[in-house]
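Residue numbers (this note's numbering), protein chains in the order written: chain V, 299 to 414; chain P, 11 to 118.
Just below is one structure, and these are the notes that go with it.
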């Protein structure tokens with residue numbers, strides 16, 4: 299149990315395009331979802347925390363108008379990279395928290411975004 | 011910023027050998043978690059150890075926690091080629107702060 303599906307797994311698009319990434323918890327309701335960004339051979343950096351029905355909380359330095367997060371239901375959060383540029387190319391990973399705090403997070407398989 | 015620092019950054023061993031990775035952190039914790047990431051994939055949770063625990067086992071994995079030294083270690087015994095991955099420690103009750111990770115390569 300506790301499967302998180304992330305889609306798409308790979309996106310290549312032109313500069314200026316907006317890209318939407320979906321994160322779904324398939325067999326549980328996620329109280330909170332998280333979005334991370336990872337550069338090659340580096341660790342994960344938290345971008346934002348997303349709770350169903352409320353605005354996302356963004357980490358310092360993350361542009362909320364650039365990275366739009368919508369958490370429409372307890373099983374779906376979306377990250378939209380608006381007007382993407384080559385510097386936005388990265389590996390984006392979502393995770394979901396199944397219940398109370400101090401529990402493991404369940405991760406999607408990530409989305410590799412390449413902006414030409 | 012990353013809360014945890016991991017050591018070593020990279021480790022290469024032969025199949026069958028043990029692999030030890032260390033993680034240090036700066037502030038107090040409720041728990042510390044270890045995750046594995048295969049190349050180009052998401053993270054898989056390995057072990058969560060709470061601040062009042064000193065050691066925890068799961069199969070070939072052993073995690074220790076020393077809160078006085080603010081450090082934790084992950085030991086993989088009898089390593090296999092399939093253990094090749096990056097290993098991260100993470101702290102946090104809900105939002106996780108990840109260490110820099112250890113890239114482990116197990117040669118067949």
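Cβ coordinates follow ideal geometry from the N, Cα and C atoms, glycine included.
Kindly indicate which three-state DSSP category residue i falls into: helix, strand or coil?
| i | result |
| --- | --- |
| residue 95/P | strand |
| residue 76/P | strand |
| residue 386/V | helix |
| residue 17/P | strand |
| residue 28/P | coil |
| residue 88/P | coil |
| residue 339/V | coil |
| residue 39/P | coil |
| residue 411/V | strand |
| residue 349/V | strand |
| residue 115/P | strand |
| residue 136/P | This structure cannot settle anything about residue 136/P, because the visible part of chain P is limited to 11 through 118. |
Are residue i and residue j close, meaning C-beta to C-beta below 8 Å?
| i | j | result |
| --- | --- | --- |
| residue 412/V | residue 319/V | no |
| residue 95/P | residue 108/P | no |
| residue 68/P | residue 74/P | no |
| residue 105/P | residue 347/V | yes |
| residue 345/V | residue 365/V | yes |
| residue 395/V | residue 315/V | no |
| residue 299/V | residue 325/V | yes |
Using 8 Å for Cβ pairs, my map puts residue i next to residue j. What's the rounded Cβ distance?
| i | j | result |
| --- | --- | --- |
| residue 409/V | residue 304/V | 6 Å |
| residue 22/P | residue 80/P | Actually they are not in contact, since the Cβ atoms of residue 22/P and residue 80/P sit about 27 Å apart, beyond 8 Å. |
Per DSSP, residue i is paired with what?
| i | result |
| --- | --- |
| residue 103/P | Partner(s): none; residue 103/P has no beta bridge. |
| residue 81/P | 34/P and 76/P |
### Message
I'd like the ranges of any beta strand (DSSP E) spanning at least 3 consecutive residues and lying wholly in the stretch 299-337 of chain V.
### Response
302-305, 308-311, 317-323 and 330-336
### Message
Please give the ranges of any alpha helix (DSSP H) in the stretch 351-406 of chain V, keeping only runs that are unbroken, at least 4 residues long and fully inside the region.
### Response
none
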